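Protein chains in written order, with our numbering: chain A, 161 to 630; chain B, 161 to 630. Even for Gly, the Cβ is constructed at its ideal location relative to N, Cα and C. Just so it is clear, the structure is predicted and the values come from calculations on it, not from any experiment.
Protein chains: 2
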Amino acid sequence: MKKMIAIGGLVLLSLVLIPVLAVAEAGEAAPAAHGPGITLLWIAFILIAAKISGLVEKFGQPAVLGELLIGVAIGNVVLFGISIFEPIKTDSIVAFLAQLGVIILLFQIGLESNITKMRQVGLPAFMVAIVGVVVPFVLGTYVVGPYLLPGLSDNAYLFLGATLTATSVGITARVFKDLGKLQMREAQIVLGAAVIDDVLGLIILAVVSAIVTFGAASLGTISVITAKAVFFLVGAIVIGQVSAPHIGRFFSRISSGTGMKFTFAISFCLLLAYLAELIGLAPIVGAFAAGLVLDAVHFRHFRSPKVVEDVEEAIQGFEPKQKARILKAVEPHVHKHVEDLIEPVGHFLVPIFFVATGINVRLETLFDVKTLMLALGLTLVAFIGKVVAGYAAGKGVNKLLIGVGMIPRGEVGLIFASIGRSLGVVNDSIYSIIVIMVILSTLLTPPVLAWLLKRQDKDVIVLHSRATAL
Amino acid sequence: MKKMIAIGGLVLLSLVLIPVLAVAEAGEAAPAAHGPGITLLWIAFILIAAKISGLVEKFGQPAVLGELLIGVAIGNVVLFGISIFEPIKTDSIVAFLAQLGVIILLFQIGLESNITKMRQVGLPAFMVAIVGVVVPFVLGTYVVGPYLLPGLSDNAYLFLGATLTATSVGITARVFKDLGKLQMREAQIVLGAAVIDDVLGLIILAVVSAIVTFGAASLGTISVITAKAVFFLVGAIVIGQVSAPHIGRFFSRISSGTGMKFTFAISFCLLLAYLAELIGLAPIVGAFAAGLVLDAVHFRHFRSPKVVEDVEEAIQGFEPKQKARILKAVEPHVHKHVEDLIEPVGHFLVPIFFVATGINVRLETLFDVKTLMLALGLTLVAFIGKVVAGYAAGKGVNKLLIGVGMIPRGEVGLIFASIGRSLGVVNDSIYSIIVIMVILSTLLTPPVLAWLLKRQDKDVIVLHSRATAL
């Protein structure tokens, strides 16, 4: 009920914004703009809409759900004849900033993740990834395809199965981040598994494409693709860990200010994102690796913040105990970690990605009952396939939470479907069904995940209060 | 001499970077990239190059000079047959980010400027702007044109004069900011005069275009253009000052965190930049007005930083004097002013503008001796016209500093020249001469300005030591 009110409020607010924009838009039509033009307006509009949608937090929902929903609202008011937002969908600058946004997000998440912790969850993450690829692939290719969509070619079923294997880490990572749970063992397993999934997905896509095109995939092709992907990840992390301190020292010699620290970090992120894309991986995998590699140690050559010096000067002559107390209070807030420097850029770009993702959702695909039913069937399989994967995570963790965390297919699933369509194996009807599955897996995961996390917190409290009662 | 070493070092370093990039570039040619692609690499490259060029600071030069010079180096290695950087020149995303960069810069400068202080310099700024438009226009149209470039049409001379009136505030503002002098009365006068210049320039451009097109400009057209521009500036500042606190309160009710504060500020900036462009002004004028309007008072509804609470808790029971001393040491560093939140975005985007400006400089235009001599003549006039304007600033200020601050023509001058060329009045030869004048006024101003500021500081020290000696 509360959620309904929140959503109603969002829609209402977005409707209030529209007339304001309409006036601005009508004016824009007149003079031919030179400079950056209307894109400035779209960016401002998306950012404000994203923040207004933050109202969902008052109802215990992660902010990312609000951003997705307000995006869906903006992208679908055209169904009511309001077409002023249509240009956003084709604005190449907005599309780029959205992609930059998800790169920055995964970089932030990499920075907040600890490489040692990630290594500790290496085995369960690998197991979750493998099961989370095999089960959906088998279900899609041999069960759902032939039963729900009889009469299609084997290749179409192959692609359907491949589409179900993808995991889009962006959504889940944002939910964990919004709710302050990124440090949980479960969150680390999901992140690790999603990265491995991306690598596995790349291999599957290449293999399936080869089968469709040539009738079979050579072992050589498969080996080359696999080697490239593994080499990149291992290489980025090893070379990064070895070279980052040296590069850091070099740059700190030019200037040790926060500007240099910021530039060093963000350039490293963009470079690895670029290199990941170069070898055919998603750029976000490179950004995540960059964040994982860069940790505090690489910035030791950069100046410590002046506030510590100033406070130390102010408390000269105090008792050591007093001194320690004050410095302890100051420390966590003022040390300009690289995370803090990246944060405003994240505030700027990350919401653009999620609102844009929502904007590109086509609600009209849900209007055809038969398509919708088939899509619901496929979605159910998509859920089951990944929830099962969660149970491969081993003991001592919330398996359901991990499985649900792996559900969102996001843009990765859409890329699969698009390639399938361009190869002529996926027809328009299957494409629509896949798109709906991706939408539902993306929109339903945040509230379910939030609910699971809250239930777990409650269980801990209940256990705790029982323990104290004994 | 020192400067030569600096420049040599820059060129050398940029040459070291090239092979690294060449390898990446060669690899890129192979697979067709989906996502954001090579633009990520260009952004990383520009940011790193900008920071390496920061070495000029070790030679007492403002960082912006380094960014311009390294841009010139990157953009002109093609003269030595190295063409790998050519794609940067036509990358529309890089161009947009550069424009966003200068918008953010002027927003930052607006935020650091004080509206009351600006009002205090209103009259001298207005005088400097008027003289700085009239003198170069008269010199260009009636002296330089007919004498240096005889045999052209009166309309060509009109455009030449109009081009000389423009002031590009970005360069000068960066120099003042780099050297920590934005709060000087002289800096405030230059900023105010440059904004007024932009408005005057707009009017002149419209009038000159009308004369060229229709043989005359109607008083009605001139009035409409003037009214629009004045209305925007006054309107933005008045409405902004009245409404910003209310809008701020509205957003702080949704969330009072730094993310909301940041979004509120940056959206306001982008919105005003867009509106400025909509009515035909430069977007940077809107961004500057946005910064001027938003000051601390509009953020009083946002949460005070937690560090103050934590420190206050840690020093409970201390003597009031001790307490005050500690809080005083903490305060200036930890209060998250909106300037601090915008700063990382500035670190990200502002260097892109200056490096891109350098990249678009075509050194080959300097190779023709006759063109070069004519360009030097025009540049001299460009310098004289604005230096004279500085003397309209009244008493008690460094008039030469103000005049030199008004010299850079930057992209505004180039826009004038382009429009003249599209109207068929400015031929290729005059266009080249104008471009060289713009280049020289842009590249020579930072070192001259830095030198004047340092000389002034020395004078103050000398005066001070004389005073203490008495």
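Between the alpha carbons of residue i and residue j, how many angstroms are there, rounded?
i	j	result
B/G440	B/D357	14 Å
B/I596	B/A223	22 Å
B/V390	B/F448	15 Å
A/F410	B/L215	12 Å
B/A610	B/E346	13 Å
B/V359	A/L265	40 Å
B/S273	A/G261	30 Å
A/H194	A/L487	In this prediction, A/H194 scores a pLDDT of 41, lower than 50, which makes its location untrustworthy; the coordinate-derived value is nonetheless stated afterwards. When rounded, the distance between both Cα atoms is 52 Å.
A/I382	B/F245	34 Å
A/E479	B/E472	17 Å
A/K618	A/N236	37 Å
B/I475	B/F428	38 Å
A/R615	A/N558	11 Å
B/L612	B/V548	16 Å
B/M420	B/G300	49 Å
B/V254	A/L207	21 Å
B/K555	B/A204	47 Å
B/V368	B/I349	27 Å
B/I242	B/E227	20 Å
B/Q482	B/P568	50 Å
Residues of chain B with a CB under 7 Å from the CB of residue i: which are they?
i	result
A/I426	L207, F508
A/F411	K211
A/F286	Residues of chain B passing the Cβ test: none, with the nearest at roughly 26 Å.
Are the Cβ atoms of residue i and residue j separated by less than 8 Å?
i	j	result
B/V288	B/A370	no
A/E499	A/L271	yes
B/G408	B/Q268	no
B/G565	B/Y551	no
B/T327	B/G282	no
B/L257	B/I512	yes
A/S213	A/L201	no
A/G361	A/T325	yes
A/V355	A/A404	no
B/L501	A/P606	no
B/I148	B/T418	With chain B running from 161 to 630 in the structure shown, residue 148 of chain B is simply not present.
B/V585	B/S313	yes
B/L532	B/L526	yes
B/L308	B/L534	yes
B/G446	B/A396	yes
How would you list, in chain order, the residues of chain B whose beta-carbon sits under 9 Å from the beta-carbon of residue i?
i	result
A/R569	Those do not exist, as A/R569 stays about 17 Å from chain B at its closest Cβ, beyond 9 Å.
Given that residue i touches chain A, what residues does it touch there, using C-beta distances under 7 Å?
i	result
B/I594	The contacting residues do not exist; B/I594 stays about 17 Å from chain A at best.
B/R485	A474
B/G419	H507
B/I203	L430
B/A233	Correct list: empty, because the minimum Cβ distance to chain A is about 17 Å.
B/L501	P504
Residues of chain A with a CB under 8 Å from the CB of residue i: which are they?
i	result
B/F422	P504, H507, F508
B/I253	S252, I253, F256
B/A147	Beyond the ends of chain B as shown, which are 161 and 630, falls residue 147 of chain B; an answer cannot be given.
Identify the contact partners of residue i in chain A, using a Cβ-Cβ distance below 9 Å as the criterion.
i	result
B/A549	What B/A549 touches in chain A: nothing, since even the nearest Cβ is about 26 Å away.
Count the C-beta pairs between the region 315-323 of chain B and the region 576-588 of chain B that are closer than 8 Å, then say yes if the count reaches three, no if not.
yes
Inspect the CB distances between the region 246-258 of chain B and the region 428-438 of chain B and report whether three or more fall short of 8 Å.
no
Any chance you could list the beta strand (DSSP E) runs of at least 3 consecutive residues sitting entirely within the region 325-385 of chain B, in chain order?
none
Looking at C-beta atoms only, is the number of pairs between the region 331-341 of chain B and the region 591-606 of chain B that lie closer than 8 Å three or more?
yes
Any contact between the region 514-526 of chain B and the region 281-295 of chain B? By contact I mean 3 or more CB pairs, one from each, below 8 Å.
no
Kindly confirm or deny that the region 537-546 of chain B and the region 292-311 of chain B touch, where touching means at least three C-beta pairs closer than 8 Å.
yes
What are the uninterrupted segments assigned as alpha helix (DSSP H) that are 4 or more residues long and contained completely in the region 222-294 of chain A, given in chain order?
223-236, 246-250, 252-272, 275-280
Go through the region 520-578 of chain B residue by residue and report every complete run of the alpha helix (DSSP H) that reaches 4 residues or more, in order.
529-550, 559-565
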